[in-house]
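Notes for the one structure printed next.
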Amino acid sequence: MAMTQEEILAGLSEIIDEIAGVPADEVTPEKTFVDDLDIDSLSMVEIAVAAQDKFGVEIPDDQLKDLKTVKDVIDYVGRASVSA
Amino acid sequence: MRLHEGSVGARVLAFGGYQPARIVTNDELAATVETSDEWIRSRVGIASRRIAGPDETVADMAVAAAGKALAGSGLSPADIDLVIVATCTPEVMIPNTAAVVARRLGISAPGAYDLNAACAGFCYALAAASDAVRAGSARHVLVIGAEKLSQWVDWTDRSTCIIFADGAGAAVVGPAGQESDEPEPGIGPVVWGSDGDMADKICIKDRDSFIFQEGQAVFRWATTALHPVAKQACSEAGVEPADLAVFVPHQANLRIIEALARRLGAPQAKVANDIITAGNTSSASIPLALSRMIERGELASGDKALLIGFGAGVCYAAQVIKLP
């Protein structure tokens with residue numbers, strides 16, 4: 001079942017708030033995790049794990065390192081959930 | 085054929101710990117590699133660690149910790165008939181550390197072996213000791229975790245040199261639950277396992293190499309695969325997480341410790357955070373953390389503690405114990 005970009009963003013914002021304490025309204029597609037949202041590599045792993053639980057999409061470490069912005073994750077989850 | 089009678093259960097009689105004198109702060113490391121106190125505290129939760137002197141050996145630290153545990157147990161060296169040293173950094177491969185440690189403590193002719201399950205080593209050794217007492221192949225066992233990781237660390241590699249440290253912790257294990265004057269069993273069933281598919285995630289490739297760790301992969305594994313193991317150790321012991329007084333995971337990284345504690349579902353339990361001032365001491369971290377918490381009066385006799393060791397292999401082991 002394909003999710004809309006808005007649905008993925010909403011779910012991702014919840015995860016980021018829970019793990020990194022970043023308020024949902026600050027999580028917008030163009031933001032970078034490291035520089036804009038101050039999220040480090042270990043928190044990215046926690047976000048990937050939580051995203052797997054929420055969206056049913058696995059993001060392996062070697063893919064995770066290329067996901068720099070919120071939009072990168074939205075696109076990755078969107079593509080993977082379509083192909084799944 | 086006749087068999088040993090053994091004992092219904094086993095328990096820990098006393099803990100002991102030892103840390104080398106030299107304190108190495110984050111600022112000291114930041115002077116030689118590109119890092120900072122803030123970075124280290126936020127990524128791994130360590131403020132300072134202890135590093136052994138150049139001539140201080142794994143056996144020296146093991147003897148110091150074990151001597152304290154032995155004194156605390158009220159037993160004499162003659163009462164010990166098995167010595168297990170969990171270590172992944174023995175000074176030499178032959179002879180083993182355990183026999184050397186036993187001789188220096190004045191323990192005459194015990195069974196003695198080293199055990200390598202890396203950072204899970206203490207929980208493996210505690211399970212082996214409990215089984216030996218229950219089977220009757222030993223009556224009183226000295227279980228030691230001792231490491232000198234500093235000699236396997238590349239001090240120019242900022243991803244590992246900030247984490248690993250030196251130290252030792254020990255426990256004396258004896259029979260329980262057999263005769264009416266003995267307390268109830270105090271070491272629960274071990275839940276253990278391994279996954280050799282992840283062998284390359286934490287390793288020292290050969291005798292000329294240093295410790296290598298794929299941090300993100302280890303973090304992902306530790307924060308997703310281990311809380312079910314911890315919970316299973318509780319259920320196999322018939323102990324609810326809500327009844328735990330303390331949770332003592334291997335002191336690998338404060339972020340892993342906190343993630344594991346959140347997923348355990350035991351909000352009332354104290355959580356060992358010895359890593360802040362001890363660093364990651366591999367097989368020594370659990371008994372070292374426990375002995376320091378007991379020394380500070382933070383825990384009481386009879387308290388239930390959940391231990392979980394995990395690390396290279398990967399190997400993991402968890403059990404519930406009652407504190408001496």
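Protein chains in written order, with this note's numbering: chain A, 1 to 84; chain F, 85 to 408.
Note that the Cβ used here is the ideal one computed from N, Cα and C, for glycine as well.
Taking buried to mean at least 16 other C-beta atoms within 10 Å of its own C-beta, is residue i buried or exposed?
i      : result
F:L390 : buried
F:I80  : Chain F is shown from 85 up to 408; residue 80 of chain F falls before or after that span and cannot be answered.
F:G381 : exposed
A:R79  : exposed
A:E46  : buried
A:K68  : exposed
F:G151 : buried
F:A336 : buried
F:S157 : buried
F:A384 : exposed
F:M145 : buried
A:D62  : exposed
Give me the residue from the options with the minimum Cα distance to residue i.
i      : options                        : result
F:R223 : F:G322, F:F394, F:V108, F:G93  : F:G93
F:F248 : F:G386, F:S126, F:A136         : F:A136
F:D139 : F:A402, F:S132, F:S234         : F:S234
F:E320 : F:A209, F:E231, F:W276, F:R380 : F:W276
F:P259 : F:R218, F:P408, F:P325, F:L328 : F:R218
F:A196 : F:C207, F:A182, F:F206, F:A209 : F:A182
F:A306 : F:D279, F:A98, F:Y102, F:N110  : F:D279
F:M377 : F:G251, F:M85, F:G101, F:G393  : F:G101
F:A230 : F:V167, F:C399, F:G156, F:E112 : F:V167
F:G363 : F:Q103, F:V96, F:A98           : F:Q103
F:A350 : F:N337, F:A326, F:V128         : F:A326
F:E410 : F:F99, F:W239, F:R95, F:C203   : Lying before the first or after the last residue shown, residue 410 of chain F is absent from chain F, which here runs from 85 to 408.
F:Q300 : F:R339, F:G158, F:Y208         : F:R339
F:D215 : F:L159, F:P273, F:D163         : F:P273
F:F99  : F:E324, F:A254, F:I370         : F:A254
F:R291 : F:T171, F:E342, F:M177, F:S375 : F:M177
A:K65  : A:D17, A:E7, A:A48             : A:A48
F:G205 : F:A317, F:I359, F:R125, F:Y400 : F:Y400
A:A50  : A:T32, A:L37, A:V77, A:T4      : A:V77
F:L199 : F:V169, F:I405, F:A213, F:P179 : F:V169
F:A309 : F:L348, F:A143, F:V256         : F:L348
F:S369 : F:L97, F:G386, F:F394, F:D387  : F:F394
A:A2   : A:V57, A:S43, A:P29            : A:V57
F:A343 : F:H311, F:L374, F:L372, F:A317 : F:H311
Below 8 Å CB to CB, which residues in the same chain sit around residue i once its five sequence neighbours on both sides are set aside?
i      : result
F:P220 : Sequence inspection shows Gly at residue 220 of chain F; the Pro mentioned does not correspond to that position. Around F:G220: L87, H88, E89, G90, S91.
F:V147 : V185, R188, L189
F:S120 : N110, A114
F:T244 : V237, D238, F294, I295, F296, Q297
F:I341 : G129, P333, Q335, V355, A356, N357, I359
Would you identify the three-state DSSP class for residue i, choosing helix, strand or coil?
i      : result
F:P325 : helix
F:E231 : strand
F:L310 : coil
F:S221 : coil
F:G205 : helix
F:V237 : coil
F:V169 : strand
A:K71  : helix
F:L391 : strand
F:G299 : helix
A:K31  : coil
F:G251 : strand
F:L383 : coil
F:G195 : strand
F:P161 : helix
F:V398 : coil
F:S278 : strand
F:K315 : helix
A:G78  : helix
F:R106 : strand
F:G258 : strand
A:A2   : coil
Apart from the five residues on each side of it in sequence, which residues of its chain come closer than 7 Å, Cβ to Cβ, to residue i?
i      : result
F:W236 : T173, I288, F294, I295
F:Q352 : A326
Excluding the five sequence neighbours on either side, which residues of its own chain have a C-beta within less than 6 Å of the C-beta of residue i, listed in chain order?
i      : result
F:N357 : none
F:I392 : A314, P333, A402
F:L210 : V227
F:T141 : E175
F:I164 : I191, P194, H224, L226
A:T32  : K68, T69
F:V398 : D279, M282
**Message:** So within the region 111-158 of chain F, which uninterrupted alpha helix (DSSP H) runs reach at least 4 residues, ignoring any that extend past its ends?
**Reply:** 121-128, 142-157
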